[in-house]
Amino acid sequence: MHRKTMTMLLAALAALVLCAPASANYRVGLSEQNAATFDQPLWQGLKLKRVRYIVPWDFYKGDGAGEVATFMNAAHAHNQEVLVMFTARRGCYSGGKYSKSSACKAPSKAAYTTAFKKFKAAYPWVKTYAPWNEANHVSQPTSSSPKRAADYYAAMKANCKGCTVLGADVLDQSNVATWLKSFIKSSHNKARVWGLHNYKDVNRHESKGLTTVLKTVPGQVWLTETGGITTFLSSGFKTSASRAASATKYMFQLADKYDSSRKGYKSKVTRVYVYRWWGEPNGTFDSGLVNPDGSPRPAFTEFARFAKNRLK
């Protein structure tokens, strides 16, 4: 973008601060994989303090370590509290199916522990973790084994004293309650912070996914990946920037409603991480707050308006 245009946008962003909604009991961050985000003037103008980053569990093999280092070092340089979340090896999920190859099998508890120790040694300043991303979804080797996911939680807790470790990070799909109950049993009901991806709720203006989780798990729920979707072809969401903006607004309204203790609920929302910064107009899934050239979308305006009083 031209410098004059950027100056005008930053001025508009400053004006949004003055008319921001009242403060809430949860904090806001960004879920992102691209280190270039931290150099963007619009991102810097938001003064966000938190980011979630997904790392393949065997990141240290091949070229993975370099890519991770680029992001982690940039995040650290910009004083971000990074929520690190481990996930399956790349390429294991394709065409709606998870590979049965040996390379894609869920790591043993010992192998997982070794990998985690390597990451912790490389980035000792990280104090916030989730053992596995979207652990109940078919794209992950833990989807049919809450016990295996509980093993990873136990390994991470044992090797990261003083850290905040999420119990399980899940997607708001039909198996979420039964999967979580099995995880809770296997982990001896020790976890008190949980992660949820509630795209379905947010983009269909519903609440069932979130309320189901809030009634199932104790403590705090972090919406670790959420936001308004501009395009999601496989789910019937044709491209619409205005719909994404409306969903972004509803996302905050939903979090506002459940950020305090409520009768009949075991937990409350205490964090919201919006995915993601960069849009992908030619992709099958696009939830970006800005266009590829860095110009803001309508969803960015809603995000900036609500996020400003939720940064501490």
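Read in order, the letters of the sequence shown are residues -24 to -1, 1 to 288 in mature numbering (1 follows the signal peptide of the UniProt record, and there is no 0).
Each residue gets a CB set at the ideal place from its N, CA and C atoms; glycine is no exception.
In this text the structure is predicted, and so the values were computed from the model without any measurement.
Asked	Found
Mind listing, in chain order, the continuous alpha helix (DSSP H) runs of no fewer than 4 residues lying wholly within the region 109 to 175?	122 to 134 and 152 to 162
Round the Cβ separation of Glu110 and Leu147 to the nearest angstrom and send it over; I've been treating them as touching at under 8 Å.	5 Å
How about Pro194 and Arg168: are their beta carbons less than 8 Å apart?	yes
Please go through the same chain and pick out, in chain order, the residues whose beta-carbon is closer than 8 Å to the beta-carbon of Asp235, but skip the five residues on each side of it.	Ala(-1), Asn1, Tyr2, Lys244, Val245 and Thr246
Quick one: using the 10 Å Cβ neighbour count with 16 as the cut-off for buried, is Ser211 buried or exposed?	exposed
Please look up how many angstroms separate the CB atoms of Pro272 and Leu18, rounded, as I've assumed it's under 8 Å.	6 Å
Based on the DSSP secondary-structure assignment, which residues constitute the bridge partners of Ile30?	Met61
Pull up the distance between the alpha-carbon of Gln20 and that of Ala12, whole angstroms please.	12 Å
Tell me which residue opens and which closes the beta strand (DSSP E) that Tyr99 is part of.	Counting along the chain, Tyr99 falls outside any beta strand (DSSP E), and DSSP gives it neither H nor E.
Kindly indicate the opening and closing residues of the alpha helix (DSSP H) around Tyr226.	Ala217 to Lys233
What distance in whole Å lies between the Cβ atoms of Asp127 and Lys85, which are believed to be in contact at a cut-off of 8 Å?	4 Å
Beta-carbon separation of Thr206 and Gly240 under 8 Å?	no
Can you look up Tyr88 in the DSSP assignment and give me helix, strand or coil?	helix
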